[in-house]
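Residue numbers (this note's numbering): 310 to 490. All residues carry an ideal CB built from backbone N, CA and C; glycine is no exception.
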Amino acid sequence: MTAPSPLFDAIVRIDRLPATGRDLTVALDEPTRAALAEMLKVSAVDRFDATLTVAPLRGGIRALGRLIADIVQPSVVTFEPVPQHIDEPVDRVFLPEAQAHKPTPGSEIFIDLEDDDFPDHIDGPEVDLSALLIETLALAIDPYPRAPGESLDSLGIDVGGGPASPFAALEKLKKSTDIDR
310 MTAPSPLFDA
320 IVRIDRLPAT
330 GRDLTVALDE
340 PTRAALAEML
350 KVSAVDRFDA
360 TLTVAPLRGG
370 IRALGRLIAD
380 IVQPSVVTFE
390 PVPQHIDEPV
400 DRVFLPEAQA
410 HKPTPGSEIF
420 IDLEDDDFPD
430 HIDGPEVDLS
440 ALLIETLALA
450 IDPYPRAPGE
460 SLDSLGIDVG
470 GGPASPFAAL
480 EKLKKSTDID
490 R
């Protein structure tokens, strides 16, 4: 079984990376942005630009830069299109997996939860940064988009009138049958 091909090319070869690092610029064309919009389940990705500085770090790499994107998705209230501008920093470390310190089954592993992000592990001479950029965009998308000033009150829906229990409708039925007796 082969791995799925990346949506766009952002591959960095660690063994060919200069000691000073190199810059990587990603600007997606219209068909790729349309495929990305379908993948992320948004209406449109109008802009997707990333600039990264990729530098060697302890046998791996560090990718540092910025992702700028403009997306459109439907409002959760009226389903009208809502644009969102995304400007996110990118800072990720990719390190080769340590072979000498591989834990044995049943052994204890110390994880410092106060530490920043854990480094991503790589196995091979190259790192595909397209997944990192797509992940950064996906995490920055507003999960409940609404236009400014939009609320359920503007639709005339009563959201706080009675009990929110699933048994509220049964309670109303019980009261109406009690009156009939």
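By a beta-carbon distance limit of 8 Å, Gly330 does not contact Val354. Their separation comes to about 28 Å. The three-state secondary structure of Thr387, taken from DSSP, is coil. Excluding its 5 nearest sequence neighbours in each direction, Ile380 has C-beta neighbours in its own chain below 6 Å: Val351, Val354 and Gln393, listed in chain order. Taking a cut-off of 8 Å for Cβ pairs, the stretch 338-352 and the stretch 443-457 touch, as three or more such pairs fall below it. Glu459 sits in coil when the DSSP states are folded into three classes, being neither helix nor strand. Ala344 and Leu337 have their C-alpha atoms roughly 10 Å apart. DSSP, read as helix, strand or coil, puts Glu397 in strand. When C-alpha distances from Asp429 are compared across Glu480, Val402 and Ile443, the shortest belongs to Val402. Residue pairing by DSSP places Arg375 opposite Thr360 and Pro398 in a beta bridge.
Per DSSP, Glu406 lies in no alpha helix (DSSP H) segment and is marked neither H nor E.
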